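Down below is the structure, laid out as structure tokens.
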Amino acid sequence: MQLELRPDVSVYAAPDVVPLLSISGVTKTFPGVRALSDVSLKLYPGKVTALVGENGAGKSTVVKVLTGIYQPDDGEVRIDGRPVRFPTPQSAESAGVTAIHQETVLFDELSVAENIFLGHAPKGRFGLIDKDTMAARAREILSDIGAKIEPGATLKDLGTANKHLVAIARALSIDARVVIMDEPSAALSHTEIEELYELVEELKRQGKAILFISHKFEEIFRIADFFTVYRDGQMVGEGAISDVSEPELVKMMVGRDVSQIFPERDHNIGDEILVVDKYEHPTEFADIGFTLRRGEILGFYGLVGAGRSEFMQALFGITRPSGGTVKIDGAPVTIHSPADAVKSGIVYVPEDRGRQGAIGALPIFQNVTLPSLARTSRKGFLKLAEEFKLTREYTERLELRAASLDTDVSNLSGGNQQKVVIAKWLATQPKVIILDEPTKGIDIGSKAAVHEFMAELSDQGLAVIMISSEIPEIIGMSDRVIVMREGRIAAELDRANITPETLVSHAAGIREAGL
Amino acid sequence: MSTASHFVPDRLQTPLERRLKSWESLLMLVAIGIFIANSFASPYFLNAWNLSDATFNFTEKAMIAFAMALLIISGEIDLSVAAIIALASTAMGAAVQVGVGTPGLVLIGLSVGLLCGAFNGILVTGLGLPSIVVTIGTMSLFRGISFIILGDQAYRGYPSDFAFFGQGYVWWVISFEFVLFAIIAAIYAVILHMTNFGRAVYAIGNNATGALFSGIRVARVKFIVFLMTGLMSGVAAVCLTSRLGSTRPSIAFGWELEIVTMVVLGGVSILGGSGSIPGVVIAAFVMGLVTFGLGLLNVPGIVMSIVIGALLISVIALPRLWAMWRPR
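Chain order of the listed sequences is A and B. In case it helps, our numbering puts the first sequence at residues 14 to 528. In case it helps, our numbering puts the second sequence at residues 66 to 393.
Structure below.
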């Protein structure tokens with residue numbers, strides 16, 4: 014790690030320096046859950062403070078307190094040492110606090126400039142929006158952060174990474190003193206992440222206080238000056254990054270030692286269960302063919318937009334392929350809808366948990382049993398006792414944490430929502446489970462639990478397809494990897510040939526010497 | 066807090082506790098209040114026959130409202146229900162002219178309702194059109210056909226035994242319509258709250274994409290609910306035509322709004338995803354009691370609609386205002 018590049022931070026951590034923003038004694042309770050309990054946090058001008066913790070540790074809640082979305086039950090927030098209150102998001106914004114959220118709310122049908130200035134657009138005569146000034150200032154901000162985006166472009170025409178840059182530009186347009194970045198690199202590619210780091214450096218030079226939330230230790234150690242650790246809604250540690258090691262930080266986060274190693278597996282690979290041949294789609298993918306065996310974990314690697322999710326959604330019956338066949342256990346099956354796929358034993362855990370994976374406003378047990386109602390009911394009539402029994406069986410295996418099984422899924426943390434979705438599918442007793450970025454945006458403890466569980470499933474003979482953009486995960490978990498590029502299979506690699514170099518070069522289409 | 070010892074209970078609240086704190090309980094209090102107010106306001110109110118008459122104010126609308134509740138919970142709406150009544154009634158009237166008997170008339174009324182529901186359902190689920198637009202269109206279409214056929218004429222001459230559906234009494238003051246209303250309410254309560262189908266309706270209304278990704282046949286479920294709504298409009302057409310004994314093209318004019326009002330007053334979210342049949346039943350009584358009470362006081366019809374509108378807005382706004390006072 015680049016320890017030598019970091020300035021001596023201990024000077025700034027001295028007690029006589031007033032933090033730009035600080036909170037202390039903050040408590041926030043929701044029905045059945047104490048999200049924050051007497052937590053504190055300090056942000057210094059020109060410094061990056063990393064807030065680390067598992068999913069459900071209270072990170073998102075504290076961000077919502079700082080941005081005026083939630084009111085704390087107790088405790089105080091200070092800016093420049095003076096107590097402040099943020100009864101509304103607008104009051105936080107005018108105090109100079111801005112956040113780039115995990116899923117920042119942007120508007121697809123509006124232009125880039127309109128998205129950046131929504132709510133604080135420059136006004137001209139008669140209080141109308143001064144479009145020229147707005148476009149010019151948007152152009153200025155975008156070029157400051159090195160984004161090559163036209164201010165007049167419609168947002169929906171941009172890719173994920175560019176949308177993210179628009180979100181960052183929006184945060185900067187508010188002239189903030191405190192910038193909260195909630196997993197800003199989650200959707201970005203390698204080069205874009207480098208640009209993000211440069212941007213953070215620029216913000217530091219401007220004297221802004223930055224709160225940086227990330228699950229990636231590599232970047233925490235690279236760009237943060239200080240750290241604060243939350244666990245189960247309590248603060249368990251803080252200090253200068255230079256005084257802490259990665260294992261120490263992990264231990265604080267999870268309260269125990271966590272092996273960074275991927276789980277041991279039997280690699281007990283059985284008969285062919287799934288055969289896909291010549292699957293194609295008019296625009297998204299072409300000529301996809303592969304086989305999958307019982308007990309096997311087949312990794313799908315590729316760049317964002319390589320067509321992996323699109324292919325899987327076609328296999329799951331969400332979209333119609335224009336050609337190709339699927340065989341399960343040697344028998345051809347027709348899949349026109351997800352219901353058909355589930356019936357054939359193929360299930361899909363989508364990347365987009367909130368929209369596709371779970372039904373937030375329904376309780377946990379109703380989510381889990383939704384595809385299994387035929388089994389938990391009698392002649393079409395619900396049997397709630399059976400539903401609770403089935404839900405309990407699978408959620409306990411996944412160590413789900415919730416106030417009760419009757420709790421709405423939207424009240425759970427991201428990691429626990431993912432557990433509900435996985436439990437829902439395991440309860441259908443599938444033959445093939447497709448996991449689309451199963452550990453994206455979840456913390457290290459839950460990540461290890463998901464990996465552990467995947468290993469267990471494959472050892473029990475379930476065939477697993479795992480889409481992942483994380484190279485360590487692909488290498489650590491897969492028996493075989495299919496690399497996709499521009500909608501086609503670029504390479505199929507067996508265990509011996511899966512290396513970071515082969516994955517990246519096939520995914521990017523680079524032909525390296527000696528490959 | 067260690068993971069291994071973390072026990073998750075099934076429920077924190079019993080279903081009964083949840084119900085007592087619910088919208089339905091509040092609405093029940095409103096209904097009781099109106100009942101008491103009515104009995105003080107008019108000496109004629111507490112009379113078995115008068116009360117029995119009052120039920121006709123809501124029974125036909127409520128039959129449709131139950132199916133409409135499922136439709137709105139699933140995230141769709143059908144504004145053509147009153148026009149379906151007109152078309153079904155016109156079809157029955159035309160059949161009377163060629164000498165079709167009572168069983169045939171009922172069959173025709175129900176079939177026209179089903180066909181209209183199927184037509185709406187195909188346009189919405191097959192072509193993926195928004196139901197509010199589709200059913201505004203079919204509302205004009207269905208009633209337009211009635212107007213073309215009837216003009217300013219009316220069909221009369223329904224067979225005498227046909228009158229039973231809208232005018233018959235099963236026992237003492239208990240009318241056939243009221244019994245039918247109760248049976249349909251029970252059937253819809255069972256469908257929505259106790260079956261896999263009802264669960265699917267809720268899932269779709271909360272998150273149609275999530276339901277699709279969970280293996281629910283979303284289009285099929287929605288289509289069936291459109292069929293049910295059409296069928297209920299057919300049932301209401303039989304009862305109303307039988308009660309009036311004649312068919313004019315303006316029959317049941319404007320009912321769609323009263324039915325949607327009844328559903329929303331019953332606690333069904335207009336955005337879909339939540340609501341209950343007991344709520345709609347109570348709302349039906351509330352609306353019936355209000356119209357009847359005002360009728361006894363000789364309040365004109367236009368004032369009644371103002372009162373119903375004000376009632377809807379205040380009953381819906383009250384919980385919101387209450388929540389605003391208490392900070393989060």
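Note that the Cβ used here is the ideal one computed from N, Cα and C, for glycine as well. In this text, all values refer to a predicted model and were calculated from it rather than measured experimentally.
{"Query": "Neighbour flag for A/Arg498 against chain B, beta carbons, 8 Å", "Result": "no"}
{"Query": "Secondary structure of A/Phe313, DSSP reduced to three states", "Result": "strand"}
{"Query": "B/Ser315 CB to nearest heavy atom of the ligand MG below 7 Å", "Result": "For the structure depicted, the ligand MG is absent and the ligand set is empty, with no information on it obtainable."}
{"Query": "Reduced DSSP secondary structure (H/G/I, E/B, other) of A/Glu465", "Result": "helix"}
{"Query": "Whole-number beta carbon distance between A/Lys176 and A/Leu168, since they are thought to touch under 8 Å", "Result": "7 Å"}
{"Query": "Under 8 Å between C-beta atoms of A/Ala112 and A/Pro164", "Result": "no"}
{"Query": "Whole-angstrom distance between B/Leu91 and B/Val329, CA atom to CA atom", "Result": "14 Å"}
{"Query": "Chain A within 8 Å of B/Leu245, Cβ atoms only", "Result": "no"}
{"Query": "Option in A/Asp279, A/Glu232, A/Val434 with minimal Cα separation from A/Leu449", "Result": "Note that residue 449 of chain A is Asp in the sequence shown, not Leu. Comparing Cα-Cα distances from A/Asp449 to each of A/Asp279, A/Glu232, A/Val434, the minimum goes to A/Val434."}
{"Query": "Classification of B/Leu245 by the beta-carbon crowding that lies within 10 angstroms, buried from 16 upward", "Result": "buried"}
{"Query": "8 Å CB neighbourhood of A/Pro345 in its chain, flanking five on each side removed", "Result": "Thr338, Val339"}
{"Query": "Candidates A/Glu293, A/Ala415, A/Tyr407, A/Ile226, of which the one nearest A/Gln442 by Cα", "Result": "A/Tyr407"}
{"Query": "CB contact below 8 Å: A/Ser350 versus chain B", "Result": "yes"}
{"Query": "Contact set between B/Asp75 and chain A, taken where Cβ atoms lie within less than 7 Å", "Result": "Phe401, Ser417, Leu418, Asp419"}
{"Query": "Chain B within 8 Å of A/Arg47, Cβ atoms only", "Result": "no"}
{"Query": "Opposing strand residues paired with A/Tyr243 [DSSP bridges]", "Result": "A/Met248"}
{"Query": "Cα-Cα separation, A/Ile92 to A/Pro102", "Result": "16 Å"}
{"Query": "Outcome for A/Met497 when other beta-carbon atoms lying within 10 angstroms are tallied against a minimum of 16", "Result": "buried"}
{"Query": "8 Å Cβ cutoff, B/Thr260 in contact with chain A", "Result": "yes"}
{"Query": "Within chain B, the residues that A/Pro363 reaches when beta carbons sit closer than 8 Å", "Result": "Phe278"}
{"Query": "Minimum Cβ-Cβ distance from B/Arg208 to chain A less than 8 Å", "Result": "no"}
{"Query": "Where B/Thr120 falls, given that 16 or more other Cβ within 10 Å makes a residue buried", "Result": "buried"}
{"Query": "Contact under 8 Å by Cβ, B/Leu175 with B/Val290", "Result": "no"}
{"Query": "Stretch-stretch touch, CB-based, cutoff 8 Å, three pairs: the stretch 215 to 225 of chain A with the stretch 51 to 60 of chain A", "Result": "yes"}
{"Query": "Straight-line gap, A/Val22 to A/Gly308 (C-alpha atoms, nearest Å)", "Result": "The predicted position of A/Val22 is uncertain, since its pLDDT is 41 and thus under 50; a value taken from the coordinates is nonetheless stated next. Roughly 50 Å between the two C-alpha positions."}
{"Query": "According to DSSP, residues forming a beta bridge with A/Arg47", "Result": "A/Thr42"}
{"Query": "Neighbour flag for B/Gly193 against chain A, beta carbons, 8 Å", "Result": "no"}
{"Query": "Stretch-stretch touch, CB-based, cutoff 8 Å, three pairs: the stretch 265 to 272 of chain B with the stretch 333 to 340 of chain B", "Result": "yes"}
{"Query": "Residue range of the beta strand (DSSP E) that includes A/Asp195", "Result": "191 to 195"}
{"Query": "Interface partners of B/Ala268 on chain A, CB under 8 Å", "Result": "Ile372, Leu375, Gln379, Leu383"}
{"Query": "Interface flag, A/Gly109 vs chain B, CB-CB below 8 Å", "Result": "no"}
{"Query": "Contact the stretch 309 to 329 of chain B vs the stretch 125 to 142 of chain B: 3+ CB pairs below 8 Å", "Result": "yes"}
{"Query": "Enclosing beta strand (DSSP E) for A/Arg501 [first to last residue]", "Result": "501 to 507"}
{"Query": "Exposure label - B/Phe230; buried when at least 16 CB within 10 Å", "Result": "buried"}
{"Query": "Contacts of A/Phe394 in chain B (Cβ-Cβ under 7 Å)", "Result": "Met259, Thr260"}
{"Query": "Three CB pairs or more closer than 8 Å across the stretch 230 to 244 of chain A and the stretch 424 to 439 of chain A", "Result": "no"}
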